[in-house]
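J.: First, the structure itself, so that you have it in front of you.
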Amino acid sequence: MRHIRSTRRDFIGGALALAASNAVAPGGLAGERTILNDASRLDPTPVAKHWRVQTDDGDDFIASLRSELAEAAAAKRPVAVGVARHSMGGQSLPRDGTAITLSGRVLQPDVAARTYLVSAGARWADVIRTLDPLGFSPAVMQSNNDFGVGSTYCVNAHGWPVPYGPFGSTVRSLRMMLADGSIVECSRSKNSELFSLSMGGYGLFGIILDLELDIRPTCSSPPSWRS
Ligand SMILES: Cc1cc2nc3c(=O)[nH]c(=O)nc-3n(C[C@H](O)[C@H](O)[C@H](O)COP(=O)(O)OP(=O)(O)OC[C@H]3O[C@@H](n4cnc5c(N)ncnc54)[C@H](O)[C@@H]3O)c2cc1C
Numbered sequence: 021m022r023h024i025r026s027t028r029r030d031f032i033g034g035a036l037a038l039a040a041s042n043a044v045a046p047g048g049l050a051g052e053r054t055i056l057n058d059a060s061r062l063d064p065t066p067v068a069k070h071w072r073v074q075t076d077d078g079d080d081f082i083a084s085l086r087s088e089l090a091e092a093a094a095a096k097r098p099v100a101v102g103v104a105r106h107s108m109g110g111q112s113l114p115r116d117g118t119a120i121t122l123s124g125r126v127l128q129p130d131v132a133a134r135t136y137l138v139s140a141g142a143r144w145a146d147v148i149r150t151l152d153p154l155g156f157s158p159a160v161m162q163s164n165n166d167f168g169v170g171s172t173y174c175v176n177a178h179g180w181p182v183p184y185g186p187f188g189s190t191v192r193s194l195r196m197m198l199a200d201g202s203i204v205e206c207s208r209s210k211n212s213e214l215f216s217l218s219m220g221g222y223g224l225f226g227i228i229l230d231l232e233l234d235i236r237p238t239c240s241s242p243p244s245w246r247s
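Residue numbers (our numbering): 21 to 247.
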């Protein structure tokens with residue numbers, strides 16, 4: 021695995037490669053464009069390509085994702101990832117670019133360690149469906165169960181159990197593909213700057229592949245809001 025130098029300039033460089041929203045589409049695509057929208061239906065946006073993929077397809081997925089990033093970079097197209105596309109500011113709609121829609125699943129609950137590994141494209145409904153029969157719940161999730169788990173990290177949503185803090189506080193580690201196709205592991209002790217930049221970073225720093233998250237027993241009571 022390649023490791024990145026942890027400088028803010030490197031991160032911004034990667035971000036620009038991923039999210040250069042003013043990139044111009046090749047003229048020949050005009051008649052063939054797909055129109056994507058967000059949940060508001062107020063933001064129809066033409067994209068050059070829309071790729072739907074499962075994040076947990078293993079090596080094939082990784083190879084295909086690298087290839088999509090290389091193709092987009094060669095064509096000077098922006099790339100943006102989305103899951104449910106509920107963000108209503110155009111963050112997941114790359115005009116004239118490559119839109120990637122992820123789906124996924126819970127990969128590995130570890131009840132003893134009180135964690136689970138989950139694909140970034142999984143939705144909260146997938147998480148509950150897997151953890152509930154084991155007597156566990158996500159430590160923090162969003163109010164809507166159709167939102168993507170990776171999306172929740174990328175906006176660092178507060179989630180509904182407010183006393184437990186923002187969602188990011190329940191993320192132990194993650195893997196992310198950078199604009200050059202390399203994969204990095206991030207946590208509070210490894211590539212920590214990238215970890216904090218990508219938490220609420222709108223996906224500008226890389227594509228989240230999977231995350232290791234905290235779980236709690238379903239029967240546990242939330243802490244008092246006043247304590
Ligand atoms: C700054 C910000 C803060 C928000 N805070 C809250 C909040 O506290 N509570 C709340 O309920 N809602 C919040 N929202 C709304 C939030 O977008 C949705 O609640 C929810 O997270 C959307 O889920 P989704 O699957 O539709 O995400 P999408 O709209 O599909 O994606 C959300 C963002 O994450 C990026 N993204 C998604 N998956 C990946 C990935 N695997 N790799 C890289 N980037 C990815 C997208 O490009 C986009 O920028 C916030 C939105 C924004 C922009």
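C-beta: ideal position from N, C-alpha, C; glycine also. Since the structure is predicted, the reported quantities are computational estimates derived from the model, not experimental observations.
Taking C-beta to C-beta, are Thr190 and Val160 nearer than 8 Å?
T.: The count along the sequence shown starts at 1 and reaches residue 190 at position 170. The count along the sequence shown starts at 1 and reaches residue 160 at position 140. Yes, the Cβ-Cβ distance between Thr190 and Val160 is below 8 Å.
J.: Taking the Cβ atom as the reference point for each residue, do Val67 and Arg86 lie within a distance shorter than 8 Å?
T.: Position 47 of the sequence shown, counted from the start, is the residue given in the question as residue 67. Position 66 of the sequence shown, counted from the start, is the residue given in the question as residue 86. Against a cut-off of 8 Å, the Cβ pair of Arg86 and Val67 comes out as no contact.
J.: From what residue to what residue does the alpha helix (DSSP H) around Tyr136 run?
T.: Sequence index remark: in the sequence shown, residue 136 carries index 116 (1-based). Careful: Tyr136 lies outside any alpha helix (DSSP H), inside the beta strand (DSSP E) at Thr135 to Ser139.
J.: Check whether the Cβ of Tyr184 sits closer than 7 Å to any heavy atom of ligand 1, and report yes or no.
T.: Along the sequence shown, one-based indexing puts residue 184 at 164. Incorrect: Tyr184 has no Cβ contact closer than 7 Å to ligand 1.
J.: Taking the Cβ atom as the reference point for each residue, do Ser193 and Ser207 lie within a distance shorter than 8 Å?
T.: Stepping through the sequence shown from its first residue, residue 193 is reached at position 173. Stepping through the sequence shown from its first residue, residue 207 is reached at position 187. Yes, these two residues count as a Cβ contact at 8 Å.
J.: When we look at the beta-carbon of Leu231 and count the other beta-carbons within 10 Å, is it buried (16 or more) or exposed?
T.: Translated into positions along the sequence shown, residue 231 becomes position 211. Burial call: buried.
J.: Going by the CB atoms, is the gap between Leu214 and Thr75 shorter than 8 Å?
T.: Residue mapping note: residue 75 aligns to position 55 of the sequence shown, counting from 1. Residue mapping note: residue 214 aligns to position 194 of the sequence shown, counting from 1. No; because the gap between Cβ atoms is not below 8 Å, this pair is not in contact.
J.: Any residue with its C-beta under 6 Å from a non-hydrogen atom of ligand 1 counts. Can you list them all in chain order?
T.: Qualifying residues come out as Ala100, Val101, Gly102, Val103, Ala104, Arg105, His106, Ser107, Gly109, Gln111, Ser112, Leu122, Ala140, Gln162, Ser163, Phe167, Gly168, Gly170, Ser171, Thr172, Cys174, Val175, Ala177, His178, Tyr222, Gly223, Ile227 and Ile228.
J.: What alpha helix (DSSP H) runs, 4 residues minimum, are completely inside the region 177-228?
T.: Taking only runs of at least 4 residues, the alpha helix (DSSP H) segments lying wholly in the region 177-228 are 212-218.
J.: So, Ala140 versus Asp166, is the Cβ gap smaller than 8 Å?
T.: Within the sequence shown, numbered from 1, the residue matching residue 140 stands at position 120. Within the sequence shown, numbered from 1, the residue matching residue 166 stands at position 146. No, these two residues do not count as a Cβ contact at 8 Å.
J.: For Met219, does the count of other Cβ atoms within 10 angstroms reach 16, so buried, or fall short, so exposed?
T.: Reading the sequence shown from its first residue, position 199 is the one you call residue 219. So Met219 ends up on the buried side.
J.: Hey, out of Thr118, Arg149 and Gly223, whose CA is closest to Asn176's CA?
T.: Residue numbering aside, residue 176 sits at position 156 when the sequence shown is read from its first letter. The residue with the shortest Cα to Cα distance from Asn176 is Gly223.
J.: Could you give the DSSP three-state label for Thr238: helix, strand or coil?
T.: The residue you call residue 238 lines up with position 218 of the sequence shown. Thr238: coil per DSSP, three-state reduction.
J.: Would you kindly check if the distance between the Cβ of Ala100 and the Cβ of Leu89 is under 8 Å?
T.: On the sequence shown, residue 89 is found 69 positions in, with the first residue counted as 1. On the sequence shown, residue 100 is found 80 positions in, with the first residue counted as 1. Not closer than 8 Å, so no.
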